[in-house]
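Beneath this line is the structure, given in structure tokens, with notes to follow.
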Amino acid sequence: MWWNKSYINRRDWILENMSTLKVTPNQVVVLLLIDFLNEQNIAISLEVLAEQSGMSVQAVDEVMHDLMRQKMLAIKVENESIRFIMDGLFQDGVAYEYVNQSIFEVFESEFGRLLSQPELVMLNNWMKQYTEADILDALRNAMVYKKVSMNYINTILANKQKEKQG
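So for the sequence shown, my numbering puts the first residue at 893; every next one is plus one.
Here it is as structure tokens:
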């Protein structure tokens, strides 16, 4: 399940694919809130969603029923708690075609630690903008100069792109 990988920002994906998913703005707000609350391990209820979204409880309830009918959201009761599962949203959506797990592993190996969320987002953005070869080349250059940081690598990539353009 690609959407459960640590380097995937599900909320960005939802926003990027709103038109493809054919969801209403209210559905997007509820989906984003559910994803956020799940990630923070905060109990989700109609009241919490209504308070956070600025919608009425009835409006949130209708949105949730629509999402369940569209199979984008499932609600399961487990161990006396309620789980909101959004797997259907991601299964039927467009997968991140540019995600290559190996590049993330290379960066984590060279940094000697797991990448932070901002670093994962930055790397994901690079994958949209540059080739994998350019990114790995920039990482190698940073290692040679013993300046292994995302900002330094970003500078290398930006300079290389400027050189190509003129």
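A virtual CB, placed ideally from N, CA and C, is assigned to each residue, including glycine.
Can you name, in chain order, every residue of its own chain whose Cβ lies under 6 Å from the Cβ of residue i, other than the five neighbours on each side?
i	result
residue 1049	1022 and 1030
residue 966	977
residue 897	none
residue 964	980 and 981
If we ignore side chains and look at the alpha-carbon of each, how far apart do residue i and residue j end up?
i	j	result
residue 1034	residue 912	38 Å
residue 952	residue 914	18 Å
residue 1046	residue 1006	18 Å
residue 930	residue 946	19 Å
residue 1011	residue 998	13 Å
residue 922	residue 932	15 Å
residue 1052	residue 1040	17 Å
residue 1028	residue 916	39 Å
In three-state DSSP terms, what is residue i?
i	result
residue 935	coil
residue 968	strand
residue 995	helix
residue 975	strand
For residue i, would you say it is in contact with chain D, using Cβ-to-Cβ distances shorter than 8 Å as the test?
i	result
residue 1046	The displayed structure is made up of one protein chain only, and chain D is not part of it.
Given a cut-off of 8 Å on the beta-carbon distance, is the pair residue i and residue j in contact?
i	j	result
residue 919	residue 949	no
residue 1141	residue 907	Residue 1141 lies beyond the range of the chain shown here (893 to 1058); nothing can be said about it.
residue 927	residue 961	no
residue 1016	residue 901	yes
Closer than 7 Å by C-beta to residue i: which residues in its own chain qualify, once you throw out the five before and the five after it? Chain order, please.
i	result
residue 1008	none
Quiz item: Is the segment 999–1019 close to the segment 958–975, with three or more CB pairs under 8 Å?
Solution: Touching, no.
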